[in-house]
Structure formats: C-alpha cells, structure tokens
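Same order as they appear, the protein sequences are chains L and W. Letter 453 of the first sequence, counting from 1, is numbered 453 in the working numbering, and no numbers are missing. Here the working numbering runs 484 ahead of the position in the second sequence, where the first position is 1. Backbone N, C-alpha and C fix where the C-beta goes; we use that ideal spot for every residue, glycine too. For clarity, every value in this text was computed on a predicted model and none was experimentally measured. Input: a single structure, listed below in structure tokens.
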Amino acid sequence: MLEWKAFFRSASFAKNLALKILMGFGAIYFALLFIAMGVLAYYGLKESFPDPLVVINKYLIYYFIFDLVLRLALQKMPVMNIRPLLTLPIKSATIVNFSLGKTYLSFFNIVHAFLFLPFAIVLLINGYDVLSVILWLFSIIFLFYINNFLNIILNNKDNLYVLFLIVVVIFGASQYYNFFDVTLYTGPFYQSLFDIKWMIVVPLIVLVVLYYVTFNYFKSNLYLDAGLASKHDVAKTENFTWLNQYGVMGTFLKNDIKLIKRNKRSKTTIFMSVMFLFYGLLFFGDLIAAYNNPAMHMFAGVFVSGGFLITFGQFVPSWDSSYYGLMMTQNISYRDYLNSKWWLMVIGTAVTAVVASFYLYFGIHIYLMILAGALYNIGVNSSLVLLGGAYTKTPIDLNSTKGAFGDKKAFNIKTMLISIPQLGGPMAFYALGYYLINPTAGLVFVALAGVIGLLLKNKAFDLIVKIYKKEKYAALDSYKQKSA
Amino acid sequence: MIKVNNLSKTYNGTTVLKINDLEIPKGESFGLVGNNGAGKTTFFSLLLDLIQPSSGEIVNNGVQVNTSEDWKPFTASFVDESFLIGYLTPEEYFYFIGDLRGQNKADIDALLVKHTEFFNGEILNNKKYLRDLSKGNQKKVGIIATLIGNPEVIILDEPFANLDPTTQFRLKKIIKELADDPNVTVLVSSHDLQHTVEVSNRIVAMHKGEVVKDIKTSAETLRELEEFFAV
C-alpha cells in the first residue's frame, strides 16, 4: 500500500507517464530478447555440443557471479520507508518480512525467469526427463534467491562488487589461458542438480539458512541507531588554495571538485567516463560488425573523450539543486557559475583525450579521430550540454546511486533535441569529408566545427545565460520537490 | 531601505500574499510574526527573488529585486537548509561564502573566533559534513554565514526554530547587536512572539497574506500580540 502511494504520488509520476510506457515497451523488448536467447541457446549449442545442458551448467558459475556483481552494484535495499512504521503497532517480524518481501519481486530476480523458463521448456520438448528438468529449474531459482539474500547481507560493504568483478576476470583469464579451470569443479555441481534428484536439497537448505540469517540480522538491526542509521563520513576540510589564483571561478571549481569527490551520485560520473573511455574498443577493435563504418567510428571518437562531459554536463545545474536557493541569492553571476562548469568539462575532456592515447594501437588515424572528437566536445558539445541543462529540472539526490545510468526523470523533449547535434553533428561532418574527399578531410571538418564553436563560445554563453535566467523560477520550484 | 508597492502573489487563483504598502527604513530591526500560511516565507522569498510576484514590486535600497541583481552584494539571508551545501564542512562553507563576498580567509577566521561562544564547540573542527550535523547546528552555521562580509540587509526566516534555549539566548544577543548598528537592517520572522518582541524595534503581524498589525515595540507590544493571536 504505502509503496504504491509513494509511487503514484511522486511528483514525476504523471509528467512522465509517456516515458513509462516507452520504458514498458523497452522492458517487453528485452523480455522477448531473453526468451529468444533461452530458446535459441539450446539449438545453437546443439550444433557443436552433444548436450547443451552440460555446456550451460559448465559456465553457470560465471552467470551467477556476474549476477551478484550486478546486484551489489545496482540493487538496493528499500529501507527508507521503514522508519515511520517503527512506532506503529506492527510486529517487527512483519516489517522485516515486508522489506525482504519487496526484494523477492525485484527485477533482478524476475529477469532470469525469462531466460531459464524457455530454456527448460525447450529441454522438455527435446525429451529430457521431466522431473529432473523441473528440479534443476527450481534449484536454479533457489540459487538466484541465494544471490538475492547474499546481496542484502553484503550490501553494507562498499565497492564489494569490484572485488567480485576481479574474481570473474581472474577466473575467466586463467581458464582462457589454461592455468586453472574453475568450471571443472563448479560444472559438475550444477550438472548434479539435474542428474541427482535429491541434490535440490542443497540449494534449498542454503536458501533457508540464508533467509534466517538475513531475517535475524535485520530484526536485530531494526533500530534508528543501528541498521537504520545513516552512515556519516569523517570529514576533512580541504582548501585547494592553488585554485585561489583563478578568482571566483576557482571558488566554484573547488566546490565542484568536492562535489564530485564526496557524493556517491557524482562519483559515478567518473566511473562512467572510464566506461565511455573503453567503450571505443568495441568500435575500433572491430568486435561488432555493425559498428565498423566511418560514421560509427566518429561516433565512438566523440564518445571516448566525452564521457565526463555528457554525464556531468547534462545535470548542470541540477548538481547544485539541493542548495540552489543559496546560489541564487549569493553574489554570483550566472556567467561565472557556468564558466566554471565549462572549464571543469574542458579539463575532464582534455584529460580523457590524453589518457585515450592507448588507442594509438589502432593507428594514428583512429587517435586523431578521438582528438578531433575531443575538440568538437570542447568547442560545441560543452555549450550544448549546458544549454540542455537549463531545461533539465530534476533535483539530484546526491547521496543515492540510483539513476546513474541515465536518470529517467531527466528525460524531456527539449534535452533530447539538444543532444542530437552532440553526436549526430560530428558523425555527419566526418562522413561528409570521408566520402566527398578523404578520411583526413573528415577529421578536418570535425575539428573545424569544434574550433568555430570555441570561437563562438561567448555568443553562445550570452544566450545560455539568458535562458538560465528565464528558467530560474521554474528550476527553484521543481528543486524544492525532492526527487521521490 | 526596503519598499513594497502593491505586492501580491497568487497561486491558481488563490492569493497567498497581498501587501499594498510597506516601508522598512535603514537600520530598523524588523520582526515578522504570523501563523503557518500567513505568508512570511512567501514574503521573504519574494524579497530574495526566489519566486516571481504576481503584481507589484519590492525595491531594496533603490534596486528593484525582480529586474536587477544588484541587491545581492549587500543582502544576506538564511531561509532554510537549501541555503547550506551538504557536502562541505562548516569551515569550507564559510570560506566559500567568504570568497563570494570578497572576504579573505583571515576575515572569516576573525568572524568565526568572535562567534565561538555561539557555536558552543559543536561546529568547527568536528570532522563532519554539514549534511551530518543536527538541524540546530546547521542553523547556527547558516545564521553566522549571513554575517560574512558586513551585509546591510540581513534576512533570517525562523532563526529561533530548532535551537536549544542557550543558543536562542545567544542568538538574541547577536541580533540585538546587529539591530544597534544603524547601517544594518535586520528582518526576522518567527512563530515565537516573545523572541521577536525582544529583538525587534518594529513588529508586523501577518494573517492570510495580509498585514494586520504594524507596531513599534514597547512594553505593551507582547500583550497586544498575545491578545491578537489568542483565539
């Protein structure tokens, strides 16, 4: 009940119904994709292996560890709404079961059904033993719920998923290079869930034990000063005095650096920029055929250096949403404020462009592409994201990591339209030069667009400042409603 | 110092504020009292250009606040927690405001030393970010931050709420000191009649968005106000 109301009454609900429907279609698309994968996995593997189930069981360990990694990184325990229930006449066991129960139906549990259920059905069609298949399927489901509880217990440890990720990589690498094959040990276990009928008892017992552990852990921590307490970081005053020489802009830069360093949500922008940096490998490494054409390469060229610019810039000024009132009454000019954000993005882009020099491995032309993309990012995209930001009036809860992968509430048509030239522009410029003259001309075109953008920066800023002023009251108003 | 002409604010046809004429001379210590929804915060928000007036205007020291931003250098305010930056330590916050107001680190340090008593050892060097401080301690930071750079107009919305009795007492002392300075105009709003009477030399009571009482503080003021609000 409570949860439904929180959902329906959140400020963004009605506004984004259209988007929700769109996401619904997206979900259906992925569901179908998973089902197809579940069905096709059998027939695909059948061609080269005698028993697809054995192959699946062999590699299942990676699937489970990866699932746990994703959960640790993304799945969060819903504890916030528990507080008001504490003083009401409800048994604490009920409260714990309520909040644990919410995780049972989580996306992270349901999604696997789309993959394994069709696979199991295909197994049945192909004459596998009915009872064994059912027992195997249930064992797998139990194992996913074990992951579910593991995630809940381990959730309080920060950055644990990185550790698991490293484990996956080590196992994968040592298996690939024939050092040590973990699947030799785990494969037979998963296979035995199918071969031996009573083996289902093993995951079941583990699951039950984990449930009790989690339940007791939660119940004993159901106090404001224990499990429900918010964590406090030990603060250290940092003055960054070397930035003082840059005047008011230095003042803002100091703040922005602290903003990024000290808040979970903004830290993810750094993480994302690293992801974007390596995203280019998919394009230049010829891993995916559809990406292997000049325009797509340029797309990647912009992406590689633009990760920080895109993920940070699109939420200016939302980063400052929780204290926007202060910013608007202090002795601040919009131009200084925006300028400091602009410089931060430029520095971010420049640094990634330098780090990206490992792309030289793919040839000088590829790296020049990245540099041209960086120039375009600095000249054109930096101003464009700031322009888009003026229309993005989503308050940002700095402490939550939710929504790091594209905040759905920040979606609106104006921001969409503004983002088209961000990636489409350089693709078009490059393709134009590439096909009309030669690849080098394409690079020159993109770089030239960046330089022109840079020259027009002051003009662009006049316009952006005007829009920010116009949008000020609307922004203040929507920042007041905390994101639900 | 501050002039209000035919000011009104309307949301969806409901008028929440209507002040035809109000003048606050320089150096006055102005107290604003009223129940919830009386329009105190709306008035301060209009004064700080955080919301747009439906009609009329406010002129602060010759500057019309919703058309020019020139009132910002001499006006300081603390309305609510949205005036604090949660991920900064109190020191960093003070230096940040100081930077914006053209004060160097030494100026700020001097100001902080002066108010050591008010902080009561709970603010400085505590290894805590502002977001982790209690409501009362956050308020202390916000209030002292408004004193940075010797502003001529200081606006405090509900400064006494959430403060412990000792701190309330100390805050009264600080506001009275400001009130004694003929160059500083202080605007304070509160639910608490007694506190407001003590620190202000003029009190305006609001009810449903309109000014219903405007009195110079005297020995009689508190009784008069109490009679008005006792229903």
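Can you tell me the Cα-Cα spacing of residue i and residue j, whole angstroms?
| i | j | result |
| --- | --- | --- |
| M328 (chain L) | Y361 (chain L) | 48 Å |
| I152 (chain L) | V206 (chain L) | 15 Å |
| D407 (chain L) | I196 (chain L) | Residue placement at D407 (chain L) is poorly supported in this model, since its pLDDT is 44, which falls under 50; the coordinates are not used for a value here. |
| P52 (chain L) | S174 (chain L) | 23 Å |
| A447 (chain L) | N504 (chain W) | 59 Å |
| T499 (chain W) | K697 (chain W) | 19 Å |
| Y473 (chain L) | S529 (chain W) | 11 Å |
| M298 (chain L) | N438 (chain L) | 14 Å |
| I581 (chain W) | R83 (chain L) | 35 Å |
| Y217 (chain L) | P203 (chain L) | 21 Å |
| N331 (chain L) | K660 (chain W) | 26 Å |
| Q548 (chain W) | S92 (chain L) | 57 Å |
| L706 (chain W) | S99 (chain L) | 51 Å |
| T311 (chain L) | T269 (chain L) | 6 Å |
| A645 (chain W) | S674 (chain W) | 8 Å |
| G388 (chain L) | Q314 (chain L) | 7 Å |
| N239 (chain L) | Y468 (chain L) | 29 Å |
| H599 (chain W) | G24 (chain L) | 57 Å |
Within 10 angstroms of the Cβ of residue i, are there 16 or more other Cβ atoms? Answer buried if so, exposed if not.
| i | result |
| --- | --- |
| E704 (chain W) | exposed |
| D616 (chain W) | buried |
| M275 (chain L) | exposed |
| W242 (chain L) | exposed |
| E642 (chain W) | buried |
| G127 (chain L) | exposed |
| A522 (chain W) | buried |
| W319 (chain L) | buried |
| L88 (chain L) | exposed |
| K459 (chain L) | exposed |
| S48 (chain L) | exposed |
| A356 (chain L) | buried |
| K409 (chain L) | Confidence is the limiting factor: at K409 (chain L) the pLDDT is only 45, short of 50, which leaves the residue's position unreliable, though a coordinate-based value still follows. Buried, since its Cβ has 16 or more Cβ neighbours within 10 Å. |
| D665 (chain W) | exposed |
| D648 (chain W) | exposed |
| L449 (chain L) | In the sequence under discussion, the amino acid at residue 449 (chain L) is Ala, which differs from the Leu named in the question. Label assigned to A449 (chain L): buried. |
| Q716 (chain W) | Because chain W in this structure spans residues 485 to 715, residue 716 (chain W) falls outside the shown range and cannot be described. |
| F107 (chain L) | exposed |
| I486 (chain L) | Residue 486 (chain L) is absent from the model: chain L starts at 1 and stops at 484. |
| I170 (chain L) | exposed |
| Q622 (chain W) | buried |
| K624 (chain W) | buried |
| W198 (chain L) | exposed |
| Q422 (chain L) | buried |
Take residue i as the anchor and find which of the options has the nearest alpha-carbon.
| i | options | result |
| --- | --- | --- |
| K502 (chain L) | L:I464, L:I366, L:D477 and L:I310 | In this structure chain L extends from 1 to 484, so residue 502 (chain L) is not present and cannot be described. |
| N609 (chain W) | W:Q587, W:E575 and W:E553 | W:E575 |
| T352 (chain L) | L:L309, L:R335 and L:L86 | L:L309 |
| K700 (chain W) | W:E512, W:T551 and W:M485 | W:E512 |
| A41 (chain L) | L:L123, L:N377 and L:F107 | L:L123 |
| K612 (chain W) | L:G24, L:R262 and L:I366 | L:R262 |
| A113 (chain L) | L:L368, L:R71, L:Y176 and L:F34 | L:F34 |
| V248 (chain L) | L:F98, L:D336 and L:L398 | L:D336 |
| L154 (chain L) | L:L210, L:I110 and L:N381 | L:L210 |
| E694 (chain W) | W:V517, W:V670 and W:K510 | W:V517 |
| S333 (chain L) | W:V597, W:Y579 and W:K556 | W:K556 |
| S618 (chain W) | W:F603, W:E636 and W:F712 | W:F603 |
Based on the DSSP output, what are the partners of residue i in its beta bridges?
| i | result |
| --- | --- |
| A597 (chain W) | Just to set this straight, residue 597 (chain W) is Val in the shown sequence, not Ala. Bridge partners of V597 (chain W): none, in fact. |
| T94 (chain L) | None; T94 (chain L) has no bridge partner. |
| M690 (chain W) | W:G518 and W:V695 |
| V209 (chain L) | Bridge partners of V209 (chain L): none, in fact. |
| L677 (chain W) | Looking at the DSSP assignment, L677 (chain W) forms no beta bridge with any residue, so it has no partner. |
| E238 (chain L) | DSSP, once it has assigned bridges, lists no residue as partnering E238 (chain L). |
| F86 (chain L) | Looking at the sequence provided, one finds Leu at residue 86 (chain L) rather than Phe. In DSSP, L86 (chain L) forms no bridge with anything. |
| D505 (chain W) | W:N489 |
| N544 (chain W) | W:I486 and W:V547 |
| A560 (chain W) | W:I638 |
| T498 (chain W) | W:Y495 |
Within 8 Å: the Cβ of residue i and any heavy atom of the ligand FMN?
| i | result |
| --- | --- |
| L463 (chain L) | For the ligand FMN, the structure offers nothing, since it holds no ligand at all. |
Problem - Residues within the region 604 to 624 of chain W neighbouring chain L, beta-carbon criterion of under 7 Å - result: Contact residues of the region 604 to 624 of chain W toward chain L are K611, K612, Y613 and D616 (C-beta to C-beta distance below 7 Å).
Practice task
With 7 Å as the C-beta to C-beta threshold (strictly closer), list the residues of the region 493 to 522 of chain W near chain L in chain order.
Solution key: The residues in question: there are none.
Exercise for the section: Check each residue of the region 254 to 273 of chain L: if its Cβ is closer than 8 Å to any Cβ of chain W, include it; give the result in chain order. Expected result: Listed by position, the residues of the region 254 to 273 of chain L near chain W (Cβ gap below 8 Å) are K254, N255, K258, L259, R262 and N263.
Problem - Near-chain L residues of the region 524 to 545 of chain W - C-beta to any C-beta below 8 Å - result: Hits within the stretch, in order: L532, D533, L534, I535 and Q536.
Exercise for the section: Can you give me, in chain order, the residues of the region 326 to 359 of chain L that have a beta carbon less than 7 Å from any beta carbon in chain W? Expected result: Listed by position, the residues of the region 326 to 359 of chain L near chain W (Cβ gap below 7 Å) are L326, M328, T329, Q330, N331 and I332.
Handout entry: Chain-ordered residues of the region 455 to 478 of chain L with a beta carbon less than 7 Å from chain W
Key = Here the close residues are Y473 and L476.
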